[in-house]
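In what follows, a structure is listed as structure tokens, so that the remarks can point back to it.
There are 2 protein chains.
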Amino acid sequence: MVIDFKQRTTVTLAEVAAAAGVGESTVSRVLRNHGSFSPKARERVLDAVERLGYVPNRIAGTLASAGSRLVAFVIPSLTNIVFPDVLRGAGGVLEENHYQAVFSVTDYDSEREETLVSAMLAWRPTAVMLAGFEHTEGTLKILRASGCRVVELLDTDGTAADLAVGFSNRQAGRASAEFLLRRGYRRLGYVGHDLDLDTRAGKRFTGFCEALNLAGSRLAGREIRAGASSVESGRAGLKQLLERAPGLDAVYFSNDDMALGGYFHCLSNGIAVPADLALFGHNGLDIGQAIPQPLASIRTPRVATGKLAAELVINEAPPQVADLGFELIEGATA
Amino acid sequence: MVIDFKQRTTVTLAEVAAAAGVGESTVSRVLRNHGSFSPKARERVLDAVERLGYVPNRIAGTLASAGSRLVAFVIPSLTNIVFPDVLRGAGGVLEENHYQAVFSVTDYDSEREETLVSAMLAWRPTAVMLAGFEHTEGTLKILRASGCRVVELLDTDGTAADLAVGFSNRQAGRASAEFLLRRGYRRLGYVGHDLDLDTRAGKRFTGFCEALNLAGSRLAGREIRAGASSVESGRAGLKQLLERAPGLDAVYFSNDDMALGGYFHCLSNGIAVPADLALFGHNGLDIGQAIPQPLASIRTPRVATGKLAAELVINEAPPQVADLGFELIEGATA
DNA sequence: GAGATTTTTGGCAGCGCTACCATTTTAGTT
DNA sequence: AACTAAAATGGTAGCGCTGCCAAAAATCTC
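As given, the protein sequences belong to chains F and B, one line each in that order.
Quick note on numbering: the first sequence equals residues 1 to 334 in the UniProt record's numbering.
Quick note on numbering: the second sequence equals residues 1 to 334 in the UniProt record's numbering.
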């Protein structure tokens, strides 16, 4: 196999103009379909573009004009399917409008977030999309100074810097507790992952406890596991919790991944769900609905969040907080 | 809340130079730590940068120099965790080397792939990363003409355009069949998703059938489902298959998502695994190892693929095919 | 201490494009 | 046909940075 390494002089707009026998401006106008030009000119330009294999250079275009049509995502994780879902929702809209998505991953580390946001801004993106409201002072400062739009995703409990799209995790936590109480469960436990890192999970937990308090009840046991959420962590977490706090009749998990782990623990150990123990997750993942007993959970608007976030940015919407709500899935595990 | 909409004149390198009392070149050299400058100059520049809150403009930098330090990913899906995993692997390496990842999603449509690759090239990326070897002629043509590096991911069965990193899906399929045969299963079925779209799954299936033929055996039944893989699709697929082809003793699934669906079907319907029916997946996802009986599967080097792909590009490696292999997980479902 | 090196520095021409403006061409009006 | 309005076009000055080069300053050599 032979690869051509010789410096292929990239075709420029000027060359296209020359080949088409028109001025550079005309080529630019035709290609962006902006301003006026004759059908004849259009044809000659498109013909030359085709013939020379011209690919516009958006780096140059961006520098010359104002907007970069680049949208930066600085997200905590790619392993937690929540974020790919948001990216997916945004991706479609962005693409239709000829925007490009750029991303980096913080691993739930807000210092890293600051570094990454700062690096992103060097590309002069139209907007920066972040998870939630909890950021370092430094992050907020450089973001403000940049003048670019900021969208905080998947959270509405807090103060938005500019735009925010998501739902109230706190209310989701409350709704989960209320549902379990309504079903008659009284000895409730919690299995979660690191709440300091995943502040949205923390808010759900807060909401959950609030609802319990309001009902004159309280958490009968909790197991907080270090690190990110995972099925295995949920499984081990439930095992731990049940050993330490026997007699629970329902457990709330920080999300569906954790809850699935819990479910599998029950399956393996002959714990009847929900007769012996009820399980409640969060996110409403498809897989949770495909297990033998559909998981009781809360369906969150992840794709819709990405979609709306992109739309707001593209339409230059004024600062606002868009609450997309959530939907309780009764399932069969509670 | 008040948002400052006034056109915040972005700080430029020239302003930093003026503030630091040095020339523009010196600022540029200090910031890139490239070329020579005195400690004194360095200090004054960094001080001015800090004071003015200067953020370099990489759009301009890229235009002026050669390389964009942008790596484009054009992937089939974000729902299939395989691709986020690859992105994750690449992301770390890219970030360390001050590269940025840009992506778009084809939804397994090669016409869209061509459009998206073309759009990506407008950003003059250092490399374009694609899934597999199957691309339209048009895609290959514009890629060749662009002169940028191309990495084809997660496949080694075919002809690479430039770099390729992954493993042999065909061999994975063979290994899966050989394992099942070795275990004594004889009436083998297959449940898969759309093979024309996911050509790598198709190659696994081919390899699987080859191994059966070699052993003088043949597939006893198959169910190919339209659309992308999912747990629900696997569940429904296995149900269908068992109705149509009773008496199977093992089923090979196009991937772990599908296999999990199959497992859940068995759980729901009192089919003992593996006594009544053995199940075999592909990818070795964590969740497959967290269900009551760890799923027999093949662990694929997804993160490592992303990592190596990024490294090869950054180190300007010569064209090559890197086979990272795979690992059979015996599990407990076969 | 003069001359030869080496290090540090600033000026400036692009990179490829778009925005703006001035000019030319075409269409419209009476 | 003469004149006006509208449409089409090309020239060119940047966008903010880097790379090159020549000049200036610092260091070394005998």
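Glycine residues also receive a C-beta, built at the ideal position from the N, C-alpha and C atoms.
Opening and closing residue of the alpha helix (DSSP H) in which residue i lies
| i | result |
| --- | --- |
| G173(F) | N169 to R182 |
| S28(B) | E24 to R32 |
| S146(F) | E137 to S146 |
| S233(F) | V231 to R244 |
| V16(B) | L13 to A20 |
| R42(B) | P39 to L52 |
| S36(B) | Looking at the DSSP string, S36(B) is not in any alpha helix (DSSP H), and its letter there is neither H nor E. |
| E302(F) | It should be pointed out that residue 302(F) corresponds to Arg in this sequence rather than to Glu. From DSSP, the alpha helix (DSSP H) with R302(F) extends over R302 to I314. |
| G331(B) | Here G331(B) belongs to no alpha helix (DSSP H), and DSSP marks it neither H nor E. |
| G92(F) | V82 to E96 |
| Y263(F) | D256 to S268 |
| A290(B) | D286 to A290 |
| G61(F) | R58 to A64 |
Residue i burial status per 10 Å Cβ neighbour count (16 or more: buried)
| i | result |
| --- | --- |
| E134(B) | buried |
| S297(B) | buried |
| P318(F) | exposed |
| A215(F) | exposed |
| A175(F) | buried |
| R186(F) | exposed |
| D198(F) | buried |
| R58(B) | buried |
| R218(B) | exposed |
| P39(B) | exposed |
| H193(B) | buried |
| R149(B) | buried |
| E114(F) | buried |
| G306(F) | buried |
| T159(B) | exposed |
| R204(F) | buried |
| N33(B) | exposed |
| E152(B) | buried |
Where the beta strand (DSSP E) containing residue i begins and where it ends
| i | result |
| --- | --- |
| D323(B) | Q320 to D323 |
| V105(B) | Q100 to V105 |
| E152(F) | R149 to L153 |
| P299(B) | Note on identity: in this sequence residue 299(B) is Arg, with Pro being the wrong assignment. Note, R299(B): beta strand (DSSP E), S297 to R299. |
| F208(B) | Counting along the chain, F208(B) falls outside any beta strand (DSSP E), though it belongs to the alpha helix (DSSP H) covering T199 to L214. |
| E111(B) | Taken as a continuous stretch (DSSP letters only), E111(B) belongs to no beta strand (DSSP E), being part of the alpha helix (DSSP H) at S110 to L121. |
| L279(F) | A278 to F280 |
| G221(F) | G221 to I224 |
| A127(B) | A127 to A131 |
| G192(F) | L188 to G192 |
| A228(B) | That residue, A228(B), is in no beta strand (DSSP E); it is neither H nor E in DSSP. |
| L195(B) | Taken as a continuous stretch (DSSP letters only), L195(B) belongs to no beta strand (DSSP E), as it is neither H nor E. |
Proximity test, residue i beta-carbon vs the ligand COA heavy atom, cut-off 7 Å
| i | result |
| --- | --- |
| D157(B) | Absence of the ligand COA is noted for the structure shown, with no ligands found whatsoever. |
For residue j and residue i, believed in contact at Cβ under 8 Å, the rounded distance
| i | j | result |
| --- | --- | --- |
| A278(B) | A334(B) | 4 Å |
| V30(B) | V45(B) | 4 Å |
| T136(F) | S110(F) | 5 Å |
| A177(F) | A211(F) | 4 Å |
| M129(B) | A309(B) | 6 Å |
| D155(F) | G138(F) | With a Cβ gap of about 20 Å, D155(F) and G138(F) do not count as contacting. |
Close Cβ partners of residue i (< 7 Å) along its chain, the five nearest in sequence each way excluded
| i | result |
| --- | --- |
| E24(B) | L13, A14 and A17 |
| L328(F) | A175, F179 and I298 |
| Q320(F) | L163 |
| V22(B) | A41, R44 and V45 |
| Q229(F) | Reading off the sequence, residue 229(F) comes out as Ser, not Gln. Counting only Cβ-Cβ distances below 7 Å, and skipping sequence neighbours, we find N80, H193, S254, N255, D257 and M258. |
| S146(F) | L121 |
| N97(F) | I314 |
| residue 338(B) | In this structure chain B extends from 1 to 334, so residue 338(B) is not present and cannot be described. |
| S28(F) | L13 |
Residues of its chain near residue i, where Cβ-Cβ distance is below 6 Å and the 5 sequence neighbours each way are ignored
| i | result |
| --- | --- |
| S118(B) | I142 |
| L241(B) | G189, V191, G221 and E223 |
| A332(F) | Q293 and P294 |
| D249(B) | Y185 and R187 |
Cβ-based neighbour list, residue i, same chain, cut-off 8 Å, excluding 5 preceding and 5 following
| i | result |
| --- | --- |
| A19(B) | A48, R51 and L52 |
Between the segment 225–240 of chain B and the segment 254–272 of chain B, do three or more beta carbon pairs fall short of 8 Å? yes
Would you call the segment 76–95 of chain B and the segment 104–115 of chain B in contact, with 3 or more CB pairs under 8 Å? yes
Is there contact between the segment 58–76 of chain B and the segment 123–141 of chain B, where contact requires at least three CB pairs shorter than 8 Å? yes
For the pair the segment 300–310 of chain F and the segment 85–97 of chain F, tell me if three or more CB-CB distances fall below 8 Å. yes
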